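Asker:
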Amino acid sequence: MTKRNRRVAAAITAATIVMTAGGSGWAFSEMTDEERAAIEAAQEAARAEADAGEEEATEMTIWDGIYTEEQALAGRSIYGQSCNACHGVRGRGTPGGPGIIGNVLDDKYFDVPLSAYYDYIHYQMPKGQPNSLTSEQYADVTAFVLSLHGAPAGDMELPADYDVLDTIIITHKPEE
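Position 91 of the sequence shown, counted from 1, bears residue number 90 in this note's numbering, the numbering being contiguous throughout.
#1: Which of the three DSSP states, helix, strand or coil, is assigned to V111?
#2: With DSSP as the reference, identify every bridge partner of I167, one or two as the case may be.
#3: Which of helix, strand or coil does DSSP assign to T93?
#4: Using a Cβ-Cβ cutoff of less than 6 Å, which residues in the same chain neighbour M155 once the five nearest sequence positions on both sides are dropped?
#5: I'd like to check one pair, I77 with H148: are the Cβ atoms closer than 8 Å?
#6: If you check the beta carbons only, do G96 and H86 fall under 8 Å apart?
#7: Exposed or buried, V144, counting other C-beta atoms within 10 Å across all chains shown (16 or more means buried)?
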């Protein structure tokens, strides 16, 4: 169940408990068997609805064109000013910093939501100046790093939105 769907199920359950308890709060031990059954039925219905919504959601990967070429170009400029010194022009690292593409990205972040990578660079980079860029600039840098990694550009910009980034998974390049 996704985080949003869990929140929906919890809200429905809480509202059901309050309504069933007559608006006086939760007094589960004082409820009748019918009231408890109504709560359990509401919880099950909320879970089923949340799970149905989850099935409709499409999981994407970094290989699904999740950023635009323009965004990667904007990220390239920022990367040049803030990241080149440690990670190198092509993201393969320097004596002062590790590589950030290829096996490094594949192995460290394999099967992890892109939000984890974005979160790391947002709050840890540049070294000594974390969180010094805007959220959108970090999204642009992420797009540029993905382009260095070989992930293709698409038609929509990569947003600086954790709810969206949570749905994009870092995977190995699919075989063609």
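Each residue gets a CB set at the ideal place from its N, CA and C atoms; glycine is no exception. A quick note: this is a predicted structure, and the numbers were derived from the prediction, not measured.
Answerer: So, to answer that:
#1: Mapped onto the sequence shown, residue 111 falls at position 112. Reduced to three states, the DSSP call for V111 is strand.
#2: Numbered from 1 along the sequence shown, position 168 holds the residue referred to as residue 167. Looking at the DSSP output, I167 sits in a beta bridge with M59.
#3: Walking along the sequence shown from the start, residue 93 turns up at place 94. It is a strand residue.
#4: Against the sequence shown, residue 155 aligns to sequence position 156. Result list for M155: empty, nothing under 6 Å.
#5: On the sequence shown, residue 148 is found 149 positions in, with the first residue counted as 1. On the sequence shown, residue 77 is found 78 positions in, with the first residue counted as 1. Going by C-beta atoms, H148 is not nearer than 8 Å to I77.
#6: For the purposes of this step, residue 96 is taken as residue 97 along the sequence shown, with counting starting at 1. For the purposes of this step, residue 86 is taken as residue 87 along the sequence shown, with counting starting at 1. At a Cβ-Cβ threshold of 8 Å, G96 and H86 count as neighbours.
#7: One-based indexing of the sequence shown puts residue 144 at position 145. So V144 counts as buried.
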